[in-house]
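J.: This is the structure I want to talk about, given as structure tokens.
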Amino acid sequence: MYGNYDSKNEVPEFAITVGFDELDITFENASQIRTVEIIQVPKTDYIYVCLLKSGSTIPIISALELRQLNNDTYKIQSGSLVLATMLDVGSTTNQIVRYKDDMYDRIWQPLNVSSWKPISAQYTSDILSSNVYKIPSAVMRTAVIPADGGKTLKFTWYPNDPTRWFYIYLHFAEVENTQVSQKRILNITVNGGPWYNELVLDNYLSPHTIQPNFPVRENVSFSINVMENSTLSPILNALEIYGLVDVQQLPTDQVDVDAINKIKSVYTVNKIWQGDPCAPENYSWDSVGCRYNGYSSPLIISLNLSSSGLEGTIDPLFSRFTSLEYLDLSYNSLSGSIPESLSEITSLKTLNLSGNKLSGLVPSVLVDKFDKGTLNLSVTRNTDLCFRNPCQKKKKNFTVPLVASITSILLVLGVLAILWNLKRRQKLGFIFNSKKDGKTLEARNRQFTYSELVAITNDFQKVIGKGGFGTVFSGQLKDGTQVAVKMLSPSSTQGSKEFQTEALLLTRVHHRNLASLIGYCDDGPHMGLVYEYMANGNLQEHLADGKAAVLTWELRLQIGIDTAQALEYLHDGCKPPIIHRDVKTANILLNEKLQAKVADFGLCRFLPLESGTHVSTAVVGTRGYLDPEYYISNRLNEKSDVYSFGIVLLELISGQPAILKNHDNTHIVQWVNPMLGRGEIRGIMDPRLGGYYDINCVWKAVEIAMACVSSSSIQRPTMSEVVVELKECLDIEMAGRNNSMVKNDSENTASSIEMMITDIETSLGPQAR
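Position 22 (the sequence shown) corresponds to 22 in full-length UniProt numbering; numbering is contiguous.
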């Protein structure tokens, strides 16, 4: 729980890894308690629990508990399980059951439905907990049967994330002291198909757990039926649902791990080196570079310990790295000779030992590699080190002219290299000159050749998008990483400018809700940008009519929050502020977790700090999303993005496009206003949501959207205010959802549970024992 402990009132957002499974952690407010319960089979003899900073806020953890489970329980083919919900159905006390009743301190929430009839055993017995799952007797002694004495128990579950797989565990025990002639024989189906056949509850108080053979997802209906030869009604005692986290990443190669840990110990490296050096991907140790090989263990390929205060000799353990390509030990206090073992690193391409106190002769094997051009070797500023044999003793007579000659040559080469580099970067638009401080921005992203892009995209075979800039293709890097490649059309003069703007901006800004740039191509006439791949396309596609998977209302709110946070960062987190100028559903991308990221920065404009509240500029943008005040006055400021976001929010609410497809081409604001005036809030909502939303939350969301699209920019909120309001809106929805998680289905004679689970969490944190 954050609890505003630092008085900043900035709710943290971060990720946590347990082993090699990564989970995002978010909070709706400062007082919310987030509990994540994970069942995992460790891949190594140790378990790393790491908090990963993903933004400007500080990760937190309040308690950490580990318990060993029976190896025969919760078996799945691969991955880990994260608790979604754990229900004690038919509870007679309506109280939570946990430790000491549950030896593993699982937290069992009570659940009763009016259409169910609770039943219970006459007494509590340890026999009820006698199977390997050890479900508490207090949970298993109560159960439910159909209130009308029917032959079926039904419930329907609507997970918030339709792409996630879930495992369901059902727990049964006979709690009625039946006659010999009475039988309870059950048959269980999922979505009308067989799941478990002929479960016989013939022994009083004997527990049975149905462990799933396969996971399920999307809207799933479960039925517990009695078979023809059964004389008693169907029964259910308890239920568990777990989300599947199936991350295929392996730990770093063990040889590399041992080597880096010994280096850490020998030199007392003053860096934050904790957990696995390369896992999870994108969170490798500081100064450590890794290569990821799909389903193989990652390898350490670069190590930069320049200016790290290293003392003593160069330990031969550096040669233990199997794939090291880059080693920088410059500007430390290393002494002694250069060990010949460094030449055993066959993959080494760069070795920088400058600025130390090394002495003796550089090993001839390293010199030979340098002469052949296979090793970039630097050993300058080691006064007692000789590059070749014999060493010159009369250093004063020889060194001065030699150094002067070399210095002159290097100076000329350096000037030529700088001029060439400046010319190239100016062409790319990667030099950003600030009149205020004159700082120069350098690109840090990978540069691709055109031939590499041809290989990555399989000769530009699969088109996944088009725009004024050019065409976007699907591609795959050598390590298996899927990417999106945006190529500049040769006929697009405006696109060339947009290319430069986008490349410049994406080397400056980094946020979890902004699409990430992996690299660029500037190869003759061919210009392109390489992005992270967003598996679920753009928001416009998901809101369009006929889309199979309908986004739930909670997910739409979260997408709105993600988008608002991205714009808040551009407006308030960047100096000078950045105005996107083309915020629309087509430029909001969704990754495999349906997390939203804003993309397409070609029309972005920096707002110079000295310009005050606005800047005068030509009008650009997309019809339907364009701020009318900006359109009339040519005066651009952050509130223009706020207007465009308001249109996006109205689309999320209504499922309608910015310009409605009718004979009048009505604008969405004109369509909403009359209904809002009549109080017809349900008429505004997307009918595909089926009424699954809290009406108070909807009112608040519509009010936020309409404030954003106010005709006067002064009356519009800032994006920071929008973020706060939308998070409060989601709080209202979740509070309403928790108060009415269970809903009776009037069309079915059988019982029905409709659970809306928006995250794998529980509202209860650790308590005093």
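Cβ atoms here follow ideal geometry from the backbone N, Cα and C, with glycine treated the same way.
1) Determine the direct distance from the alpha carbon of I668 to that of Y531, and round the result to whole angstroms.
2) Out of S287, G573, F222, T209, which one is the CA nearest neighbour of I135?
3) Given a threshold of 16 other Cβ atoms within 10 Å of its Cβ, counted over all protein chains shown, does R508 qualify as buried or as exposed?
4) Between which residues of its own chain and R67 is the CB-CB distance below 6 Å, once the five residues before and five after are set aside?
5) I need the straight-line Cα distance from W157 to A658, nearest angstrom please.
6) Can at least three beta-carbon pairs, one atom from the segment 252–270 and one from the segment 20–27, be found at a separation below 8 Å?
7) Provide the residue span of the alpha helix (DSSP H) that contains G560, from first to last.
8) Since A259 is in the alpha helix (DSSP H), which residue starts that stretch and which ends it?
9) Can you list, in chain order, the residues of its chain whose CB lies under 7 Å from that of E761, leaving out five sequence neighbours each side?
10) Please classify I588: is it buried, with 16 or more other beta-carbons within 10 angstroms of its beta-carbon, or exposed?
11) Please classify V362 as buried or exposed, where buried requires at least 16 other C-beta atoms within 10 Å of its C-beta.
12) In terms of DSSP beta bridges, what is F166 paired with?
13) Evaluate residue 770 with the Cβ neighbour count: other Cβ atoms within 10 Å of its Cβ, from every protein chain shown; 16 or more gives buried, anything less gives exposed.
14) Per the contact definition of three or more C-beta pairs closer than 8 Å, is the segment 615–624 in contact with the segment 674–691?
15) In angstroms, rounded to a whole number, what distance separates the CA positions of R98 and L607?
16) In angstroms with no decimal places, state the Cα-to-Cα distance between L353 and V266.
17) Can you list, in chain order, the stretches of the beta strand (DSSP E) that have 3 or more residues and sit fully within the segment 567–613?
18) Pick helix, strand or coil for A544, following the three-state DSSP scheme.
19) Within 8 Å, do at least three Cβ pairs link the segment 233–247 to the segment 292–301?
20) By Cβ distance, which residues of its chain are closer than 7 Å to A147, with the 5 residues on each side in sequence left out?
21) What does Y204 pair with, by DSSP beta-bridge criteria?
22) Using only the alpha-carbon positions, how far apart do V216 and I260 sit?
23) Which first and last residues belong to the alpha helix (DSSP H) in which I695 is found?
24) Would the segment 466–485 and the segment 448–457 be scored as touching if the rule is three or more Cβ pairs under 8 Å?
25) Taking only three categories from DSSP, how would you classify W285?
26) Considering only residues of the segment 83–169, which uninterrupted alpha helix (DSSP H) runs meet the minimum length of 4 residues and lie entirely inside it, listed in chain order?
27) Could you tell me which of R581, Y74, N637 sits nearest to P212, measuring between CA atoms?
28) Got a sec, what are the start and stop residues for the beta strand (DSSP E) P298 sits in?
29) Is it a yes or a no for the segment 578–594 touching the segment 635–642, going by three-plus beta-carbon pairs under 8 Å?
30) To the nearest whole angstrom, what separates the beta carbons of M227 and A173, a pair I think is in contact under 8 Å?
31) Nearest-angstrom Cα distance between A138 and A238?
32) Using CA atoms only, rank isn't needed, just tell me which of W671, F448, T85 is closest to Q109.
33) Return helix, strand or coil for V18, following the three-state DSSP convention.
34) If you reduce the DSSP assignment to three classes, tell me which class Q500 lands in.
35) Would you kindly report the start and end of the unbroken beta strand (DSSP E) that includes M527?
36) Tell me the rounded alpha-carbon separation between F14 and Q32.
T.: Judging by the given coordinates:
1) 32 Å
2) T209
3) exposed
4) Closer than 6 Å at the Cβ level, and outside the excluded window around R67, lie Y104.
5) When rounded, the separation of the alpha-carbon atoms in W157 and A658 is 33 Å.
6) They do not touch, by the three-pair rule.
7) It spans 553–568 - the alpha helix (DSSP H) in which G560 sits, taken as one unbroken run.
8) 254–267
9) With a pLDDT of 37 at E761, under the threshold of 50, the modelled position of this residue cannot be trusted; read the value that follows with caution. The residues R34, T35, V36, in chain order, have a CB closer than 7 Å to that of E761 in the same chain once the five nearest residues on each side in sequence are set aside.
10) buried
11) buried
12) V216, G243
13) Past the boundaries of the shown model lies residue 770; the chain is included only from 1 to 769, so the question cannot be answered.
14) No, because fewer than three Cβ pairs between the segment 674–691 and the segment 615–624 fall closer than 8 Å, the two stretches do not touch.
15) 56 Å
16) 18 Å
17) Runs found: 588–590, 596–598.
18) coil
19) no
20) Taken in chain order, the residues that qualify are S115, W116, K117.
21) E174
22) 42 Å
23) Here the alpha helix (DSSP H) through I695 covers 695–708.
24) yes
25) coil
26) 137–140
27) It is Y74.
28) Note, P298: beta strand (DSSP E), 296–304.
29) yes
30) Contact flag wrong, Cβ pair sits at about 18 Å.
31) 11 Å
32) T85
33) Looking at V18 - three-state DSSP - the assignment turns out to be strand.
34) Three-state result, Q500: helix.
35) 526–532
36) 15 Å
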